[in-house]
């Protein structure tokens with residue numbers, strides 16, 4: 001049975017899983033009928049050529065929690081969120097049969113897998129109007145002081161140009177709109193991990209990220225971090241620590257799937273600087289947000305080169321693929337206990353510090369000279385804060401085929417001494433104590 005007459009719009013959620021500071025609201029002000037859709041591509045649950053799924057259990061759990069929260073937030077405006085475990089084109093065909101939509105509203109995505117899905121949709125529904133926003137940026141590409149093809153390849157050059165203006169949009173308030181509830185015959189239930197074929201994963205008490213997915217949790221964490229605990233005032237001093245929930249902002253998982261707006265983070269930091277304190281640490285949070293934007297711009301400029309073995313520099317090395325080396329890296333059985341402990345933490349929690357990521361990537365790519373894309377794929381599967389741009393941008397960088405002008409290699413023993421000199425981190429995770437304290 002077809003839905004009654006009137007304009008019909010779909011909010012197609014991708015990595016913009018929030019209702020606060022969300023551009024889609026501006027496209028549905030005068031809409032008769034609106035529904036929201038999220039598609040879980042079957043490919044995500046399938047094994048990669050390397051043996052692990054494209055999305056492993058920790059990231060899947062965080063996504064399901066995020067979708068459950070998003071569903072509740074949308075219901076405040078009488079918008080139903082339908083979850084499809086199907087490829088996007090097939091899902092939209094099913095929807096169109098009962099809800100003949102005339103407009104698709106979504107967030108811009110340009111990397112190869114996402115772009116391919118969008119192109120298939122456009123071919124299937126050529127008459128549909130598209131409303132697309134760059135809602136994942138701190139500074140939208142159109143507001144940059146240069147064209148994307150003129151993006152500086154060195155972060156410092158990019159940062160200096162962008163910081164001259166800080167062209168960040170204001171936060172968009174969530175409107176007080178109430179839509180007519182749609183009753184269409186599709187499931188709005190959130191699948192469980194077990195229904196998706198994953199095992200149940202209890203929270204490891206050692207986890208540095210014992211938080212749930214969803215914008216409610218994200219906004220609560222942001223408020224606690226900046227305003228209640230004022231941990232932002234010591235961010236620069238604590239960001240390289242390795243143990244506990246207090247080091248670093250821990251905002252990246254919510255930023256990665258868009259359940260937290262990067263503009264909201266920026267404006268909260270600026271408000272704190274105006275009302276409480278401005279110091280090197282508050283600036284450094286903004287500095288790290290720029291790194292996130294930078295890698296998005298890099299992926300936009302270089303396209304599929306980001307995923308090629310030679311990287312954005314088109315630089316060739318004698319890369320290897322040794323199954324034992326890779327297995328030892330994954331299972332924490334290398335000759336370096338500092339590498340091992342980081343990989344064990346990732347395996348058991350879906351989280352690893354930025355310091356750890358740099359070291360394990362440098363070890364795999366630079367010291368063992370293994371195909372860096374295998375490491376990037378493993379991170380994609382296991383990290384709860386996986387972001388295609390930052391992940392592949394950083395792996396390019398650390399493998400010597402990306403944006404690092406110095407092409408450096410980490411001295412892992414020195415890194416362990418500098419950041420875990422008293423073995424606190426290694427004693428937490430290694431099966432045999434590294435040293436008695």
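In UniProt numbering, the protein residues as written are 1 to 437. Every residue, glycine too, gets a C-beta built ideally from N, C-alpha and C. In this text the structure is predicted, and so the values were computed from the model without any measurement.
- Per DSSP, residue 378 lies in no beta strand (DSSP E) segment; the continuous alpha helix (DSSP H) that holds it begins and ends at 372-382.
- Just so you know, the alpha carbons of residue 163 and residue 44 end up roughly 37 Å apart.
- Residue range 280-302 is occupied by the alpha helix (DSSP H) that includes residue 297, with no beta strand (DSSP E) assigned at that position.
- Contact between residue 78 and residue 13 is absent: CB atoms are separated by about 17 Å, not below the 8 Å threshold.
- DSSP, read as helix, strand or coil, puts residue 426 in helix.
- Burial state of residue 51 is exposed, judged by a 10 Å Cβ sphere holding fewer than 16 other Cβ atoms.
- With the rule of 3 Cβ pairs closer than 8 Å, the stretch 86-93 does not count as touching the stretch 274-284.
- The DSSP-derived three-state label of residue 130 is strand.
- The stretch 353-370 and the stretch 403-414 touch, with no fewer than 3 CB-CB distances between them shorter than 8 Å.
- With fewer than 16 other beta carbons inside 10 angstroms of its own, residue 146 counts as exposed.
- Membership of residue 162 in the alpha helix (DSSP H) is indicated by the continuous run 155-162.
- Burial state of residue 75 is exposed, judged by a 10 Å Cβ sphere holding fewer than 16 other Cβ atoms.
- Judged by pairs of C-beta atoms under 8 Å, the stretch 245-259 touches the stretch 382-396, as three or more such pairs exist.
- Between the C-alpha atoms of residue 332 and residue 126 there is a straight-line separation of about 50 Å.
- A contact is defined here as three or more CB-CB pairs under 8 Å, and the stretch 345-360 fails this definition with respect to the stretch 304-320.
- Straight-line measurement puts the Cα of residue 220 at about 19 Å from the Cα of residue 61.
- If you look at residue 305, you'll find it isn't in any alpha helix (DSSP H); DSSP assigns it neither H nor E.
- Residue 36: member of the beta strand (DSSP E) spanning 33-39, first to last residue.
- About 16 Å separates the beta carbons of residue 291 and residue 379, which is beyond the 8 Å limit, so they are not a contact pair.
- A distance below 8 Å separates the beta carbons of residue 67 and residue 17.
- For secondary structure counted as the alpha helix (DSSP H) over 4 or more consecutive residues, the stretch 43-127 holds these complete runs in sequence order: 57-75, 88-98 and 112-124.
- When DSSP states are grouped into helix, strand and coil, residue 165 belongs to the coil group.
- For residue 11, the enclosing beta strand (DSSP E) has its first and last residue at 8-12.
- A distance below 8 Å between beta-carbons, with the five flanking residues on each side excluded, links residue 42 to the following residues of its chain, in chain order: 85, 86 and 87.
- For residue 343, the enclosing alpha helix (DSSP H) begins and ends at 337-349.
- Across the structure, residue 110 and residue 119 are spaced so that their CA atoms are roughly 11 Å apart.
- Residue 253: member of the alpha helix (DSSP H) spanning 252-256, first to last residue.
- Nearest Cα to residue 427 within the set 243, 366 and 167: 243.
- Look at residue 409 here: in three-state DSSP terms it is coil, with no helix or strand label.
- Ranked by Cα distance from residue 222, the first of 265, 214 and 183 is 265.
- According to the DSSP assignment, residue 323 belongs to the alpha helix (DSSP H) that extends over 323-330.
- Collapsing the DSSP output to three states places residue 320 in a strand.
- Exposed is the label assigned to residue 98, since fewer than 16 other Cβ atoms lie within 10 Å of its Cβ.
- Taking all protein chains shown into account, residue 327 has fewer than 16 neighbouring C-beta atoms within 10 Å of its C-beta and is therefore exposed.
- For residue 263, the uninterrupted alpha helix (DSSP H) run begins and ends at 262-275, by DSSP.
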